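Written out below as structure tokens is the structure these notes cover.
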Amino acid sequence: LSQGAWVLNLFVIFEMQQLNRRKVARAQQLDRDNACGNAQPSPKQLHKQKQRPHKQQPHSGRKQDNSGGKSASSLALPQSSTRGGKYISSGPQSNYCALRRRRQKRAVQLATGQTNSPKVCVTVADHVQHDDGQFTHSCDSHSDEPVSACSHCLPDCAKLTEDLKAGGEARQSAVANLKECIRALAFHKEGCRVLQLALQVTDWRVMAELLPELRGHVRDAIRSPHANFVIQKIIELMPTAQAAFIAEELSGTALEVACHRYGCRILSRLVEHSASGTKTFELLNELIPDAGLLCKRSFGHYVIQSILEHGTMDQRRQVMDVLCSNPLDYVQNRNGCYVIEAAISYCPSADQERFIDVLLGEGANEFTALAQSQCGSYVVRALLRLPNTSANKVHKRLQEVLQDLEVTKFGRRVLEDLRISLAKKSLDLAA
Numbered sequence: 019l020s021q022g023a024w025v026l027n028l029f030v031i032f033e034m035q036q037l038n039r040r041k042v043a044r045a046q047q048l049d050r051d052n053a054c055g056n057a058q059p060s061p062k063q064l065h066k067q068k069q070r071p072h073k074q075q076p077h078s079g080r081k082q083d084n085s086g087g088k089s090a091s092s093l094a095l096p097q098s099s100t101r102g103g104k105y106i107s108s109g110p111q112s113n114y115c116a117l118r119r120r121r122q123k124r125a126v127q128l129a130t131g132q133t134n135s136p137k138v139c140v141t142v143a144d145h146v147q148h149d150d151g152q153f154t155h156s157c158d159s160h161s162d163e164p165v166s167a168c169s170h171c172l173p174d175c176a177k178l179t180e181d182l183k184a185g186g187e188a189r190q191s192a193v194a195n196l197k198e199c200i201r202a203l204a205f206h207k208e209g210c211r212v213l214q215l216a217l218q219v220t221d222w223r224v225m226a227e228l229l230p231e232l233r234g235h236v237r238d239a240i241r242s243p244h245a246n247f248v249i250q251k252i253i254e255l256m257p258t259a260q261a262a263f264i265a266e267e268l269s270g271t272a273l274e275v276a277c278h279r280y281g282c283r284i285l286s287r288l289v290e291h292s293a294s295g296t297k298t299f300e301l302l303n304e305l306i307p308d309a310g311l312l313c314k315r316s317f318g319h320y321v322i323q324s325i326l327e328h329g330t331m332d333q334r335r336q337v338m339d340v341l342c343s344n345p346l347d348y349v350q351n352r353n354g355c356y357v358i359e360a361a362i363s364y365c366p367s368a369d370q371e372r373f374i375d376v377l378l379g380e381g382a383n384e385f386t387a388l389a390q391s392q393c394g395s396y397v398v399r400a401l402l403r404l405p406n407t408s409a410n411k412v413h414k415r416l417q418e419v420l421q422d423l424e425v426t427k428f429g430r431r432v433l434e435d436l437r438i439s440l441a442k443k444s445l446d447l448a449a
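Throughout, our numbering is defined as the position within the sequence shown, counted from one, plus 18.
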């Protein structure tokens with residue numbers, strides 16, 4: 019290196035050493051200030067404080083709604099807000115997550131009493147029914163008044179569980195203690211497990227005398243993270259006539275229930291165990307016209323899959339009519355592709371042929387792009403697994419675009435299934 023380069027390198031090394039010495043001295047000074055209680059912010063911290071926007075100070079109580087009567091769930095969250103004396107961080111995603119956690123925590127607190135006494139006092143109403151028939155979650159209310167004054171003292175859940183498993187007189191005594199506590203137990207974290215066990219080990223005639231306590235509270239139970247399991251167990255284990263009140267109370271709200279996180283489970287159990295019941299049949303007829311919407315919903319598509327598996331032939335045909343009306347729209351949807359797989363698996367061969375003809379009729383380019391996509395390849399691979407001759411048309415179309423399928427990862431998966439299907443077909447012909 020030249021003499022100038024050496025001088026420059028030495029200068030850089032000297033400056034780095036000086037910078038390190040200043041950092042060490044600054045750190046030592048901060049330690050001394052912290053020990054004496056006289057810590058001062060650094061220039062970088064002062065600069066950040068100047069650029070940081072002023073945050074709204076938290077206040078006690080709930081923020082008043084000036085939206086002209088609109089519900090809280092239909093309004094966009096502000097960039098920064100306070101609720102219940104706690105500050106919610108800015109940003110739409112953080113606001114949504116924080117609000118959801120607060121609602122879930124409050125719902126559990128309303129359904130579960132935190133006490134160490136052998137009797138647990140539980141508030142069982144999570145939702146309020148207004149004069150117009152609409153249900154609002156207690157966390158959406160702008161009032162700090164209790165949601166419901168109806169509370170029950172629960173017996174010891176551990177003792178009930180032990181007696182129910184013991185059998186004999188202990189079980190009879192435990193079932194007798196459930197009287198007047200069914201509703202409170204259903205909304206309790208441990209109590210719901212007690213009720214499910216009681217439904218499993220007790221004669222249905224005995225439990226049928228206790229179930230009327232849940233009448234009129236099915237919609238609340240569906241929205242509860244605990245009581246919804248009790249409703250499912252009633253549908254699974256009780257006779258159709260004894261569980262008919264569940265479908266009856268859900269009448270008029272089928273679409274809302276089907277799109278709910280817990281409600282979709284209730285409708286699926288109704289379809290599986292009492293699809294032929296009068297009340298369930300009427301509820302499903304109310305739901306079928308909205309099948310196109312439910313096929314694309316995160317929870318609603320589970321209900322449509324249950325209808326395709328356990329519903330009547332007429333209900334399956336109506337769902338297939340919806341899928342054939344615009345197949346590409348449902349195939350390319352991450353929820354709709356699962357519905358199409360169920361339709362292919364459980365619908366008659368004539369409906370399978372009809373769907374394949376409509377799908378192939380969209381055009382060669384559209385079908386190729388479909389096989390190359392993630393959701394589309396899922397449906398195409400399901401079509402290749404059909405046992406009858408319905409898959410022959412799909413085989414011919416795919417053999418025309420073999421080179422195009424090699425381009426994408428999902429297309430190569432389709433090719434792999436195609437080779438397996440053709441090999442299996444050749445073995446069947448040889449046999």
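Even glycine gets a Cβ: it sits at the ideal position worked out from N, Cα and C.
As the structure is a prediction and not an experimental result, all values here were calculated from the model.
Alpha carbon to alpha carbon, what distance is there between residue 307 and residue 339?
Cα to Cα, the separation comes out at about 11 Å.
Sequence-distant residues of its chain with Cβ nearer than 7 Å to residue 291 (five each side left out):
When the five nearest sequence neighbours on each side are left out, the beta carbons in the same chain lying within less than 7 Å of the beta carbon of residue 291 are those of 253 and 254, in order along the chain.
Distance check for residue 441 and residue 393, CA to CA, integer angstroms please.
Rounded to whole angstroms, residue 393 to residue 441 spans 25 Å at the Cα level.
Can you tell me which of 368, 367, 374 and 420 puts its alpha carbon nearest to the alpha carbon of residue 390?
Nearest option by C-alpha distance: 420.
Where the alpha helix (DSSP H) through residue 328 begins and ends
Under the DSSP assignment, residue 328 falls in the alpha helix (DSSP H) whose first and last residues are 318-328.
Measuring CA to CA, which of 284, 198, 25 and 410 is closest to residue 262?
The residue with the shortest Cα to Cα distance from residue 262 is 284.
Does chain C have any CB closer than 9 Å to the CB of residue 289?
Chain labels in this structure do not include chain C; a single protein chain is all it has.
Note down the Cα distance separating residue 428 from residue 395, rounded to an integer number of angstroms.
The straight-line gap from Cα to Cα measures roughly 6 Å.
Contact between the segment 292-299 and the segment 335-350: three or more CB pairs below 8 Å?
The answer is no - the segment 335-350 does not touch the segment 292-299, with fewer than three Cβ pairs under 8 Å.
As assigned by DSSP and simplified to three states, the class of residue 231:
Helix, per DSSP.
State buried or exposed for residue 89, treating a residue as buried only when at least 16 other CB atoms are found within 10 Å of its CB.
Confidence at residue 89 is low in this model, with a pLDDT of 40, below 50, so the placement of that residue is unreliable and no value is reported for it.
Helix, strand or coil at residue 32 [DSSP, three-state]
Here residue 32 sits in helix by DSSP.
Where residue 78 sits in the DSSP three-state scheme
With a pLDDT of only 41 at residue 78, under the threshold of 50, the placement of this residue in the model should not be trusted; the figure read from the coordinates follows. In the structure shown, residue 78 sits in coil (DSSP, three-state: anything other than H, G, I, E or B).
Terminal residues of the alpha helix (DSSP H) in which residue 396 lies:
Per DSSP, residue 396 belongs to the alpha helix (DSSP H) from 392-402.
Start and end of the alpha helix (DSSP H) containing residue 288?
Counting along the chain, the alpha helix (DSSP H) containing residue 288 begins and ends at 281-292.
Rounded C-alpha distance that separates residue 190 from residue 203:
Straight through space, the alpha carbons of residue 203 and residue 190 are spaced by roughly 17 Å.
Burial state of residue 366, where buried means 16 or more other Cβ atoms lie within 10 Å
When all chains shown are included, residue 366 counts as exposed.
Give the single residue among 221, 349, 413 and 193 whose Cα lies nearest to the Cα of residue 384.
It is 349.
Buried or exposed by the 16-neighbour rule on C-beta atoms within 10 Å, applied to residue 345:
Buried, because 16 or more other Cβ atoms sit within 10 Å of the Cβ of residue 345.
How big is the Cα-Cα spacing for residue 215 and residue 397?
For residue 215 and residue 397, the distance between alpha carbons rounds to 40 Å.
Buried or exposed, going by whether 16 or more other CB atoms sit within 10 Å of the CB of residue 381?
A residue is called buried once 16 or more other Cβ atoms fall within 10 Å of its Cβ, and residue 381, having fewer, is exposed.
Own chain residues within Cβ distance below 8 Å of residue 213, not counting five before or after:
196, 200, 203, 204, 248 and 251, listed in sequence order.
Less than 7 Å between C-beta atoms, sequence neighbours within five positions excluded: which residues of the same chain meet that for residue 282?
These residues qualify, in order along the chain: 276, 317, 318, 320 and 321.
Taking DSSP as the reference, what is the three-state secondary structure of residue 223?
Three-state result, residue 223: helix.
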